[in-house]
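When you line the sequence shown up against the working numbering, it's residues 14 to 236, in that order. Glycine included, every Cβ here is placed at the ideal spot set by N, Cα and C. Below is one structure, written out as structure tokens; the observations come after it.
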Amino acid sequence: MTGSMNTALKITIAIVTILLVTFAIGVLSGKIWWFSEEPPLMVVPDMDDQFHLKSQGEARFFADNRAQRDPIEGTLPRVGRAYPFAMGDVDSAEKYFAAGNPLPKTESVLARGQNRFNTFCSPCHNYTGTGDGLVQQKGFGNAETMNLLREQARQYSDAKIFHVISAGQNIMPAYADRISETDRWTIVHYVRELQQKAAGGLTQSNGMAATSVQSSTISKTMQ
Ligand code: HEC
14 MTGSMNTALK ITIAIVTILL VTFAIGVLSG KIWWFSEEPP LMVVPDMDDQ
64 FHLKSQGEAR FFADNRAQRD PIEGTLPRVG RAYPFAMGDV DSAEKYFAAG
114 NPLPKTESVL ARGQNRFNTF CSPCHNYTGT GDGLVQQKGF GNAETMNLLR
164 EQARQYSDAK IFHVISAGQN IMPAYADRIS ETDRWTIVHY VRELQQKAAG
214 GLTQSNGMAA TSVQSSTISK TMQ
């Protein structure tokens, strides 16, 4: 009787010990974690935690102290294609994109353009394109050349606006590597929309009739 109880006790102790050891290994290896917010003790770290630079941070290793590096010259995107024209090479861009915006100006294209514009452009150009976004108010650039509604910018071709977005203009950075080609064209439609709405408002307040092209586009997009 006692002998068999001893055996049962031994088996129980063995099972409990195995469970405890498994639990301890699980906790130490980071596999059991539900009760703790702390990072697990990594027995095999698998390169999960490495030295790295923060994208907007400082790095004294580089001469300009910037952690964020530009892509090495000749780097190609994995998705899409590289933008072929340099900043300021507006002539080549206008020749190449002479056909204008390849996307139709539909409601969904405009909605996408607005979404991308609000995300990427509004910090500097403001949501309305007036050029006095938060970044500008903090002293970047000047609100005059950043005003997408100004006469000069309204005269730009679609190709030129696409080119400025893709390659940048003076201190405005290039966005070809951050915004897909299709999305850049949706933004061009949206910039045109902002310009036309502003022009419509302007001519109305001047007491002049809006041109038939402008009024028909506005009424179409307002439906
Ligand atoms: C970091 C701030 C910044 C962001 C973000 C930015 N821009 Fe600009 N943009 C500028 C500045 C500054 C200028 C004026 C450059 C100059 O003086 O030639 C400019 C000029 C332009 C011009 C030419 C205006 C003119 O009259 O010559 C266009 C068009 C334009 N931006 C469109 C865009 C679009 C579309 C986006 C979003 C994809 C965008 N920008 C994002 C800063 C910015």
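So what does residue i bridge to, in DSSP terms?
i       : result
Arg-91  : Per DSSP, none; premise fails for Arg-91.
Arg-79  : Glu-71
Gln-182 : Met-185
Under 8 Å from any heavy atom of the ligand HEC, does the C-beta of residue i make it?
i       : result
Gln-127 : no
Tyr-169 : yes
His-202 : no
Ala-166 : yes
Ile-38  : no
Val-122 : no
Gln-209 : no
Leu-116 : no
Met-55  : no
Val-148 : yes
Gly-154 : yes
Arg-197 : yes
Asn-139 : no
Phe-98  : no
Gln-182 : yes
Helix, strand or coil, according to DSSP, for residue i in the structure here?
i       : result
His-65  : coil
Ile-28  : helix
Ser-136 : Reading off the sequence, residue 136 comes out as Pro, not Ser. If DSSP states are grouped into helix, strand and coil, Pro-136 belongs with the helices.
Gly-146 : coil
Asn-19  : helix
Ile-85  : coil
Ala-99  : coil
Lys-108 : helix
Lys-151 : coil
Val-57  : coil
Asn-131 : helix
Glu-194 : helix
Gly-126 : helix
Ser-42  : coil
Ser-170 : coil
Return no unless some Cβ of chain C is closer than 9 Å to the Cβ of residue i.
i       : result
Ser-179 : Chain labels in this structure do not include chain C; a single protein chain is all it has.
Sufficient close CB pairs (3 or more, under 8 Å) joining the segment 176-196 to the segment 95-106 = yes
Can we say the segment 142-153 touches the segment 173-182, given the rule of at least three CB pairs closer than 8 Å?
-> no
Report yes or no: do the segment 118-125 and the segment 100-110 share at least 3 C-beta pairs separated by less than 8 Å?
-> In this structure the segment 118-125 does not touch the segment 100-110; the number of beta carbon pairs closer than 8 Å is below three.
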